[in-house]
Amino acid sequence: MNTTTSDPIGFFDSGIGGTSIWQEVNKLLPEENTIYLADSKNAPYGEKSKEKILEYCIKNTEFLLNKNAKIIVVACNTATTNAINYLRENYDIPFIGIEPAIKKAGLVTKNNTIGVLATKGTINSKLFERTSNKIDNSIKIIEQIGYGLVELIENGELDSIKMEKLIYNCLHPMLKENIDALVLGCTHYAYLVPQIKKLIGNNIQIIDSGLAVAKQTKRILNTTGLINSAINEENFHHFYINKEGKTLTEILKNYNRIKIIEKEF
Ligand code: DGL
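With numbering that gives the first Met the number 0 applied, the sequence shown covers 0 to 264.
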C-alpha cells in the first residue's frame, strides 16, 4: 500500500468515548483527515474476555486499514492494555495507545494517594499491572472499576440520577482513602468531568491522557514523514458507528466537515 500524507488518521474505541481523544488530536492537528470507528454494538469492552477484546481490535484495525488509515490511535484504554502488543507485532503501521496516566498522577500527588477509575478489562490487564508496579511504592494506588458508567455514557445519560449514584458508588471508596489525584483510565470518563467535579470538588486533581496521546501522535507523524500540512475543502472526518449515532452527533455538533455513518460492521 502506498501511504500518502493526506491519508486519514484512524481511531477506534468500543464506542463514543474515544472521541475525547479525537478532540485532542483534532485540536493539535487540525489539518489531518480522520476516520473514527465506534464499535458501540460491542460496548462495553471492559466486561469482555481478553480474547474477545483482541478479536474486536483486529476487526477494527482491518476496517481502518481498508479505509487507508496511515496510523491508528487506539482511543481506548481497555483495547490498548489488552491488545496493543499484538497489533504492533502483526501490522505494519504505527499504533498510538492510551493507558491510565498513573505516572503523571504519581508526580502531582502531595499525600501519595491516588485513585484510578478504569474498566475491569484495564485494571485486570498485565500491561496495567506492569505500569502500576513501576510507580514508586510509597504511592498508594486505589483502583476502582467504573461499573455501569460506559453504558450510560453511550446512551447519553450523563446527567441522570442513575449516573449520579454510580459515580458516588465508584468514587466514595477513594474519597474515604483521601486521594488527592484521580486518574480517568477510560476514554469515556472524560465526558463525566463536570459530574465528577460536583462530587469531589476542586482539591482533587483529575488527570487523563488525552493531550499526551495527541502529542505522541504528532511526534510519530513527524518522525515517519506522514504529517499532513494542507487544510482545504477536501478535509474530512468520517465517523462510523454500528448503533444509533444520536449521542455521537451531539458530541460532535460544533465541528465542521463531520460525516456520521451508521452502519452494520
Ligand atoms: N473507552 C474505553 C476505555 O478507554 C472502553 C470502555 C468499555 O468499552 O468498557 O477503556
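Even for Gly, the Cβ is constructed at its ideal location relative to N, Cα and C.
Per the DSSP secondary-structure output, THR33 pairs in a beta bridge with ILE8, HIS236.
Nearest to GLY120 by alpha-carbon distance, out of ASP91, ALA78, ASP158, LYS102, is ALA78. Contact between ALA117 and ASN76 holds, since their C-beta atoms are separated by about 6 Å, short of 8 Å. For LYS161, the enclosing alpha helix (DSSP H) covers residues 160–175.
DSSP links GLY114 through a beta bridge to ILE141, LEU181.
Put simply, the backbone Cα of CYS169 is about 7 Å away from that of ILE144.
Rounded to the nearest whole angstrom, the CA to CA distance from PHE238 to LYS258 is 6 Å. Distance from the Cα of ILE20 is smallest, within the candidate group GLU232, LEU210, ASP179, LEU63, for LEU210. Nearest to LYS139 by alpha-carbon distance, out of TYR55, GLU61, ALA213, ALA180, is ALA180. With distances taken between CA atoms, ILE83 lies nearest to PHE127 out of HIS171, PHE127, ILE113, VAL107. Taken through DSSP and simplified to helix, strand or coil, GLU50 comes out as helix.
If you draw a 10 Å sphere on the C-beta of GLU233, you find fewer than 16 other C-beta atoms in it, and that means exposed.
The beta carbon of ASN202 lies closer than 8 Å to those of ASP179 in the same chain, with the five residues before and after it left out. Counting other Cβ atoms within 10 Å of its Cβ, ASP12 reaches 16 or more and is therefore classed as buried.
Look at LYS133 here: in three-state DSSP terms it is helix. The criterion of a C-beta distance shorter than 8 Å is not satisfied by ILE250 and LYS103.
Leaving aside the five residues that flank THR33 on each side, the residues in its chain whose CB is nearer than 8 Å to its CB run, in chain order, PRO7, ILE8, GLY9, PHE10, TRP21, VAL24, ASN25, PHE235, HIS236, HIS237. Inclusion of SER48 and GLY14 in the CB contact set at 8 Å is not warranted, their separation being larger than that value. By the Cβ-count criterion, ILE95 is buried, with 16 or more other Cβ atoms from all chains shown falling within 10 Å of its own Cβ.
The ligand DGL has a heavy atom closer than 7 Å to the beta-carbon of ASP12. Between the ligand DGL and ALA180, a heavy atom-to-CB distance of less than 7 Å is absent. LEU174 and SER159 have their C-alpha atoms spaced approximately 22 Å apart. The ligand DGL approaches PRO43 closely enough that one of its heavy atoms is under 7 Å from the residue's Cβ. DSSP places GLU156 outside both helix and strand once states are collapsed to three, so it counts as coil.
Judged by DSSP secondary structure, GLU23 falls within the alpha helix (DSSP H) whose first and last residues are 18–27. Within the DSSP bridge table, the entry for GLU261 names ILE240 as partners.
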